[in-house]
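Below is one structure, written out as structure tokens; the observations come after it.
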Amino acid sequence: MSSQDPFDSALDLLRRLSPKNITNNLSTLVALSPELTEDLLSAIDVPLQISRCKKTGRDYLLCDYNRDSDSYRSPWSNEFDPPLEDGTVPSDRVRQLEIRANEAFDVYRELYYEGGVSSVYFWNLDDGFAGVVLFKKSVEGAAGVKGTWDSIHVFEAVDRARIAHYKLTSTVILNLVSESGSLGELDLSGNMTRQTEQDLTVENDDSHIPNIGRLVEEMELKMRNLLQEVYFGKAKDIVGDLRSVGSLSEAQKERSVHAEMISKMAGGSK
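If you count by my numbering, then the sequence shown holds residues 41 to 310, one letter each, in order.
Written out as structure tokens, the structure is:
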């Protein structure tokens with residue numbers, strides 16, 4: 041009997057463990073199998089970490105797409121921390137697009153998230169460019185209520201004659217926690233991934249920014265609605281099946297009215 045591939049085994053194990061602990065579980069697997077480090081880090085989406093650019097003082101998000109060795113590139117200064125002499129950076133043309141995209145999505149973040157942190161990273165392709173748009177928002181309310189939303193939008197833009205072909209892969213990681221002495225602990229964690237492809241008109245390089253923004257905006261709204269149905273709608277259905285929200289007297293009254301209607305219908309059919 042042939043043995044299973046170690047990488048497939050690692051992915052299979054991570055799918056069966058709690059998504060809340062994905063970062064720690066991934067670190068443990070990397071420590072156990074260092075040869076799988078690059079493959080696992082590029083294949084598994086984990087909650088984003090925040091760092092601060094030493095040159096500009098602005099926060100930015102860490103991910104596998106702005107990592108080179110053990111250093112991370114700031115989208116604001118284009119410099120690595122810790123410093124890296126030969127770190128991979130985009131070409132001048134793509135870097136200018138990256139700068140404009142960070143400015144545009146910073147406005148988008150403020151409008152839609154009213155806080156949080158955003159970062160955009162671009163890199164070169166032979167027939168165009170690719171990038172990732174990141175958002176992170178954490179909230180902490182009263183009575184131990186906490187929530188974290190991480191959005192990871194990876195795209196490719198292939199240049200054609202006055203048209204660009206965009207392929208977008210979006211992942212949302214949601215973590216909701218409520219701790220109460222009277223109600224106990226509620227932990228709702230998980231992620232969702234969706235893909236889309238579109239051909240959009242391109243007049244010049246500046247056209248890429250609104251095109252990418254439109255794709256990301258539509259995907260985020262769609263995934264938010266899906267998450268609301270999956271997380272909250274299903275949870276509401278389950279709780280409703282377990283415990284009625286109406287009083288006992290109301291339930292008995294409804295059953296009596298229902299029985300009376302059935303009786304009258306049966307009597308009228310004779």
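For every residue, glycine included, the Cβ atom is placed at its ideal position computed from N, Cα and C.
What you are looking at is a predicted structure, and each value in this text was computed from that prediction instead of being measured.
Cβ pair residue i, residue j closer than 8 angstroms
i: residue 242; j: residue 202; result: yes
i: residue 194; j: residue 209; result: yes
i: residue 121; j: residue 158; result: no
i: residue 228; j: residue 271; result: yes
i: residue 137; j: residue 248; result: yes
Other residues of its chain near residue i: CB distance less than 8 angstroms, five sequence neighbours each side excluded
i: residue 96; result: 114, 116, 117
i: residue 70; result: 76, 77, 80, 81
i: residue 57; result: 65
i: residue 279; result: none
i: residue 268; result: none
Beta-carbon contacts of residue i that lie in its chain and below 7 angstroms, excluding the five residues immediately before and after
i: residue 263; result: 210, 212, 232, 234
i: residue 164; result: 130, 131, 134
i: residue 93; result: 100, 114, 116, 117
i: residue 59; result: 229, 230, 231
i: residue 47; result: 76, 79
i: residue 289; result: none
Nearest-angstrom beta carbon gap, residue j and residue i [assumed within contact, 8 angstroms]
i: residue 54; j: residue 66; result: 7 angstroms
i: residue 196; j: residue 155; result: Incorrect: roughly 30 angstroms between the Cβ atoms, too far for contact.
i: residue 185; j: residue 218; result: 5 angstroms
i: residue 214; j: residue 189; result: 6 angstroms
Rounded C-alpha distance that separates residue i from residue j
i: residue 292; j: residue 301; result: 14 angstroms
i: residue 106; j: residue 161; result: 7 angstroms
i: residue 176; j: residue 276; result: 26 angstroms
i: residue 266; j: residue 191; result: 14 angstroms
i: residue 124; j: residue 111; result: 7 angstroms
i: residue 89; j: residue 103; result: 8 angstroms
i: residue 281; j: residue 149; result: 38 angstroms
i: residue 181; j: residue 253; result: 30 angstroms
i: residue 240; j: residue 147; result: 23 angstroms
i: residue 87; j: residue 238; result: 27 angstroms
i: residue 22; j: residue 251; result: Summary: the structure shown does not reach residue 22, with the chain confined to residues 41 through 310, and so no result is reported for it.
i: residue 295; j: residue 64; result: 52 angstroms
i: residue 244; j: residue 143; result: 18 angstroms
i: residue 85; j: residue 246; result: 30 angstroms
i: residue 207; j: residue 260; result: 15 angstroms
i: residue 49; j: residue 83; result: 13 angstroms
i: residue 139; j: residue 108; result: 19 angstroms
i: residue 51; j: residue 68; result: 13 angstroms
i: residue 145; j: residue 200; result: 25 angstroms
i: residue 119; j: residue 204; result: 29 angstroms
i: residue 61; j: residue 141; result: 32 angstroms
i: residue 274; j: residue 216; result: 15 angstroms
i: residue 258; j: residue 236; result: 10 angstroms
Any chain D beta carbon closer than 8 angstroms to residue i
i: residue 147; result: Note that chain D does not occur in the displayed structure, where there is just one protein chain.
Contacting residues, own chain, Cβ-Cβ under 6 angstroms from residue i (five flanking each side not counted)
i: residue 98; result: 116
i: residue 42; result: Caution applies to residue 42, whose pLDDT of 49 falls short of 50 and renders its modelled position unreliable; the value that the coordinates give is listed next. Closer than 6 angstroms at the Cβ level, and outside the excluded window around residue 42, lies no residue.
i: residue 179; result: 187
i: residue 44; result: none
Near the ligand GTP: residue i beta-carbon under 7 angstroms from a heavy atom
i: residue 218; result: The ligand content of the structure shown is nil, which means the ligand GTP is not present either.
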